[in-house]
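Take the position in the sequence shown, starting the count at 1, then add 195; the result is the number in the numbering used here.
First the structure, in the form of structure tokens, and then the observations on it.
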Amino acid sequence: MEVGIRELKRRLSEYVEQAARGELIQVTNRGKPTAVLGPLPGRGRLEQGIAEGWIRPGDGKVARTGRRRYRVRRTVAELMAEDRGD
196 MEVGIRELKR RLSEYVEQAA RGELIQVTNR GKPTAVLGPL PGRGRLEQGI
246 AEGWIRPGDG KVARTGRRRY RVRRTVAELM AEDRGD
């Protein structure tokens with residue numbers, strides 16, 4: 196995200212909240228990048244990924260894969276023996 200100094204001054208508390216949540220905000224002066232507002236350093240890779248946008252936090256729900264569960268009738272050893280002709 197990019198914001199000019201004038202806009203940053205008007206809505207500073209909103210931008211600080213966004214930065215605290217992990218978003219990186221590039222501050223410009225007359226269209227030229229001059230600073231970056233972001234979370235405090237020392238966060239882990241997960242927080243960094245969320246802040247940079249290459250990781251999306253989950254919503255707490257377990258994803259369903261659509262896979263069915265099957266009952267196993269024979270062991271792997273039995274299947275291999277059958278395949279070999281034992």
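We put the CB at the ideal spot given by N, CA and C, even for glycine.
Does the distance from the C-beta atom of residue i to that of residue j stay below 8 Å?
i	j	result
Thr229	Glu197	no
On a Cα-Cα basis, can you pick out the residue from the options that is closest to residue i?
i	options	result
Glu243	Gly255, Lys227, Ala215	Residue identity differs from the one stated: residue 243 is Gln in this sequence, not Glu. The shortest C-alpha separation from Gln243 is found at Ala215.
Gly226	Arg251, Glu247, Arg240, Gly199	Gly199
Leu219	Leu203, Val231, Arg264, Arg205	Val231
Gly248	Leu207, Gly233, Asp278	Gly233
Gln221	Arg240, Leu241, Ala246	Ala246
Gly253	Arg262, Arg264, Gly261, Leu241	Leu241
Taking its Cβ as the centre, do 16 or more other Cβ atoms sit within 10 Å of residue i, making it buried, or is it exposed?
i	result
Gly217	buried
Tyr210	buried
Can you give, in chain order, each stretch of the alpha helix (DSSP H) that sits fully within the region 206-253 and has at least 4 residues? The region 206-253 contains these whole alpha helix (DSSP H) runs: 207-215, 240-247.
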